[in-house]
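Below is one structure, written out as structure tokens; comments come after it.
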Amino acid sequence: MHLLAAIPGGIADGAEAVDLEQRPGDIIFISAADTELSSLAVSRGAISDGPSLRLANMMQLSHNLSVDIYVEDIIASAKLVVLRLLGGVSYWPYGVEQLVECCRRKNILLAILPGDDQPDEELAALNTVSRDVSHRLWQYLVHGGQENYAGFLNYCHFLLDGKTDWREPKLLMKAGIYWPGLEDPDLDAIRQSWKDGAECIGIVFYRALYQANNLAPVDDLIAALQAKGLNPLPLYVGSLKDPICAEIIEQYLRQTRPAVLLNATGFAISSPGADRRKTPFDIANCPILQVIFSGGNEDTWRSGITGLSARDIAMNVALPEVDGRILSRAVSFKADAGYDATTQTNIIAYKPVPDRIEFVASLAANWARLRTTPAKSRKIALILANYPNKNGRIGNGVGLDTPAGSIEVLKALKADGYDVRDIPASGNDLISALLEGPTNDRTRKAKSDGLTYSLDAYKSFFRSLPTKLQSEVMERWGEPENDPFVSSDKFHLAAKRLGNVIIGIQPARGYNIDPVKSYHDPDLVPPHGYLAFYAWLRGEEKIHAAIHMGKHGNMEWLPGKSVALSEECYPEAVFGPTVHLYPFIVNDPGEGTQAKRRASAVIIDHLTPPMTRAESYGPLADLERLVDEYYEAAGIDPRRIALLRQQILELTQSTGIDVDCGIEAADAEGDQLSKLDNYLCELKELQ
């Protein structure tokens, strides 16, 4: 058993037993909400005297030994204990049990309060204070704001000395509008800071941040949007499921009609597997980008490959996906704001990451640009997968006649007013037209040079990439002049122009390598030709949106974090904040999730084709299920990975499938799984 001392100024996640190393105090306040703890610390700092206060983060007391130490050293000597508990007794059963037992045995005042605005009779029955007292304490915290936090402390002092002056809690709207530097603003006041004729971008965030004045990421989003000539509409909300909150949000959206919404609240209104429920955002009828205020710390995010903790993924990624949110980036992380000696606790605040703020603002601006640009002026890229890199596999979307489907998309765009010219008569004609130019198959000579991108323009783009990425690409692939798609100081691109629509072949992930083994390779960096293709679309062609046609391309599998990407992740370096649409077969949400989480894709499901596929059966079906669980666990619950890996390899060996896959005993486990995954994909798609 390890016992960690809580380090002043550090952030612990409660995974180990922790001794908070506080001294006993008169009033003990325990909560899992960093915003609440920091606000109370500020309020206590403004009081010159009075009972001593100790603040504790419940997340640091998740280990039973941590609870035992804290109860024995701190709780047992207290006069008043207040616990704010979200999720009821079942969320922290051992802690509640020990607090109640100690406080009753020692005749200590105890108030266990709901962590939200819903009464909890089970908690109320455990208190040693009256219901009136516990209700008043709860209301101070429910409404929040520095005036109420100061009122909470004054009332606690009164409970101990019977003479301190106190005031009733001040009510705060469940939802409302915010603007930096303005107290209780209305919409007219905010409009004074807006630009005439600019598009409105809504920002929805939790009321708790407003209550605690923990608004740095919101303020930075506002500034970034304004810098792009957009009009921010910041709205705080207690819960999107609350009918009163929902009505207030709907009223503001009805009056402003935003082009895009940035949603920084977690969870979902709808439930997985159930019919979709109405949301207060529906009235806006606009794209909704999910923005993450992470509960983790920035150093862990930067150094890790998973991107976010399991808790963050569940709350801020997986559940919002149920409501159809478009995932953007994590724009802030919890950071140490100092150690407060008076309350003997670490003060934690959200710290925005400037380049993540900029990315989200750019993505919002690009969605707004797409929405407001007339159809005839919109430039669209239609990109066909090519796996493996043979000409006979161009447009190989699983379960989709991609060439024919692309023709139908081109016709639909033209019918809606897009400038689409020279649409091929059929899917075969489309492929024939593409085969006239460069392709990923370097064994044949192209009849034409295709579209071109100057080497100088590419080098300018390449220099804008993070130094780490430049070094990795140069080390693996050498100088851009040596790329096989370069001649006469130009990249020759596998693309064809049809008016304002460009249809192209997605580049291969590398040259002179096994395309099957490398397609999902998490370490293989893309060559210059790959980077040039997307840099040309974004920089020179200035496309409004990209459509990757069919399951699945390779861009979302490039090296980088699983979710909450940084500027050093290749999908972002390649694709940037581009509007992304992705027709994808409905029966493979796992691989579609890669594009949603790593490239902000909007998945447009299509049905499975009315034909017989080989599919998987028997042990193959069992293996496929285990592999799917493995990939899912890698993103949400890494603790299961080792067990699943063992089960997969044991089943592979017991059935002899390892021989069919070409798995060697000397292969590393990761290589064995990669071979198995490729084998199952190929076998399953036989028709």
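The sequence shown begins at 3 in our numbering and counts up by one.
For each residue, glycine too, the CB sits at the ideal point set by N, CA and C.
Taking the alpha carbon of Ser473 as the point to measure from, which residue in Pro528, Asp338 and Glu38 has its own alpha carbon closest? Ranked by Cα distance from Ser473, the first of Pro528, Asp338 and Glu38 is Pro528.
With a Cβ-Cβ cutoff of 8 Å, do Ser520 and Ala636 count as a contact? No, these two residues do not count as a Cβ contact at 8 Å.
Length of the line joining the Cα atoms of Leu415 and Val576: In a straight line, the C-alpha of Leu415 is about 26 Å away from that of Val576.
Residue ranges of each beta strand (DSSP E) within the region 425 to 498, 3 or longer: You should have 453 to 456 and 492 to 495.
If you drop the 5 nearest sequence neighbours on each side, which residues of the same chain put their C-beta closer than 6 Å to that of Asn66? The answer, listed in chain order, is Tyr96.
Straight-line Cα distance separating Asp70 from Ala261: Roughly 53 Å between the two C-alpha positions.
Excluding the 5 residues preceding and the 5 following Ala113 in the sequence, name in chain order all residues of the same chain whose CB lies nearer than 6 Å to its CB. The beta carbon of Ala113 sits closer than 6 Å to those of Val84, Asn129, Val131, Ser136 and Leu139, all from its chain and outside the five residues before and after it, given in chain order.
Which of the three DSSP states is assigned to Lys353 in this structure? Under the three-state reduction of DSSP, Lys353 is assigned to strand.
Host beta strand (DSSP E) of Val333 (start-end): In this chain, the beta strand (DSSP E) harbouring Val333 covers Ile328 to Asp342.
Do you know whose CA, among Thr345, Thr302 and Ile315, lies nearest Gln292's CA? Considering only alpha carbons, the answer is Ile315.
With DSSP as the reference, please indicate the residues paired to Cys202 in a beta bridge. DSSP lists Asn233 as the bridge partner or partners of Cys202.
Any contact between the region 375 to 389 and the region 86 to 103? By contact I mean 3 or more CB pairs, one from each, below 8 Å. Touching, no.
Is DSSP giving Gln346 helix, strand or coil here? Three-state DSSP puts Gln346 in coil, outside helix and strand.
What separation, rounded to the nearest whole angstrom, lies between the Cα atoms of Asn156 and Ile350? CA-CA distance, Asn156 to Ile350, rounds to 23 Å.
Using 10 angstroms around the beta-carbon of Thr469, count the other beta-carbons present and answer buried if the total reaches 16, otherwise exposed. It counts as exposed.
Thinking C-alpha only, which one of Val44, Arg25 and Pro26 is nearest Gly1? In this structure the chain extends from 3 to 689, so residue 1 is not present and cannot be described.
Below 8 Å, can you find three or more Cβ-Cβ pairs linking the region 245 to 253 to the region 219 to 227? A contact is defined here as three or more CB-CB pairs under 8 Å, and the region 245 to 253 fails this definition with respect to the region 219 to 227.
Count the other C-beta atoms from every protein chain shown that fall within 10 angstroms of the C-beta of Asp301, then say buried if there are 16 or more, exposed otherwise. Exposed, by the Cβ-count rule.
Just confirm the distance between the C-beta atoms of Asn368 and Pro579, as a whole number of angstroms; I'd bet it's less than 8 Å. 6 Å between Cβ atoms; contact.
Using the beta-carbon count (16 or more within 10 Å), is Ile32 buried or exposed? A residue is called buried when at least 16 other Cβ atoms come within 10 angstroms of its Cβ; Ile32 meets this threshold and is buried.
The alpha helix (DSSP H) enclosing Gln596, as first and last residue numbers: Taken as a continuous stretch (DSSP letters only), the alpha helix (DSSP H) holding Gln596 covers Pro591 to Ala601.
Using the rule of at least 16 other Cβ atoms within 10 Å of the residue's Cβ for burial, across every protein chain shown, is Tyr681 buried or exposed? It is buried - the Cβ of Tyr681 has at least 16 other Cβ atoms within 10 Å.
Mapping the DSSP letters down to three states, classify Tyr389 as helix, strand or coil. Tyr389 carries a coil assignment under DSSP once its states are collapsed to helix, strand and coil.
Chain-order list of residues whose beta-carbon lies under 6 Å from that of Asp119 (same chain, five-residue window excluded): Listed in chain order, the non-local C-beta contacts of Asp119 below 6 Å within the same chain comprise Val144, local neighbours out to five positions each way being set aside.
Ser40 to Ala214, Cα distance in whole Å? The alpha-carbon atoms of Ser40 and Ala214 are separated by roughly 8 Å.
Jot down the residue ranges of each uninterrupted beta strand (DSSP E) in the region 259 to 316, minimum 3 residues, whole runs only, in chain order. Within the region 259 to 316, complete beta strand (DSSP E) segments of at least 3 residues are found at 262 to 265 and 290 to 295, given in chain order.
Measuring alpha carbon to alpha carbon, tell me which residue in Ala19, Ser79, His546 and Pro440 is nearest Thr454. The candidate whose alpha carbon is nearest that of Thr454 is Pro440.
When you compare only the Cα positions, how much space is there between Glu617 and Trp559? Its pLDDT being 49, under 50, Glu617 is placed unreliably by the model, and the measurement read from it follows with that caveat. Straight-line Cα distance between these residues: approximately 24 Å.
So the candidates are Ile643, Leu63 and Ala80; which of them puts its Cα closest to the Cα of Arg56? Here the closest residue by C-alpha is Ala80.
In whole angstroms, what is the alpha-carbon distance linking Tyr72 and Asp338? Taking the straight line from one Cα to the other gives about 22 Å.
Please say whether Ile285 and Leu255 have beta carbons closer to each other than 8 Å? Remark: C-beta atoms of Leu255 and Ile285 approach each other more closely than 8 Å.
Where Asp669 falls: helix, strand or coil (DSSP): Of the three classes helix, strand and coil, the one that applies to Asp669 here is coil, per DSSP.
Counting only the same chain and skipping the five closest in sequence on each side, list residues whose C-beta sits under 6 Å from that of Asn502. Its chain contains Lys381 and Asp421 as the residues whose beta carbon lies nearer than 6 Å to that of Asn502, once the 5 sequence neighbours on both sides are disregarded; these appear in chain order.
Close beta carbons around Gly117, own chain, < 8 Å, minus the five adjacent residues each side: Closer than 8 Å at Cβ, skipping near neighbours: Ser33, Ala34, Ala35, Arg86, Leu87, Leu88 and Gly89.
In the structure shown, what three-state DSSP assignment does Leu651 receive? Residue state, collapsed to three classes: helix.
Boundaries (first-last residue) of the beta strand (DSSP E) holding Tyr584: First-last of the beta strand (DSSP E) with Tyr584: His582 to Ile587.
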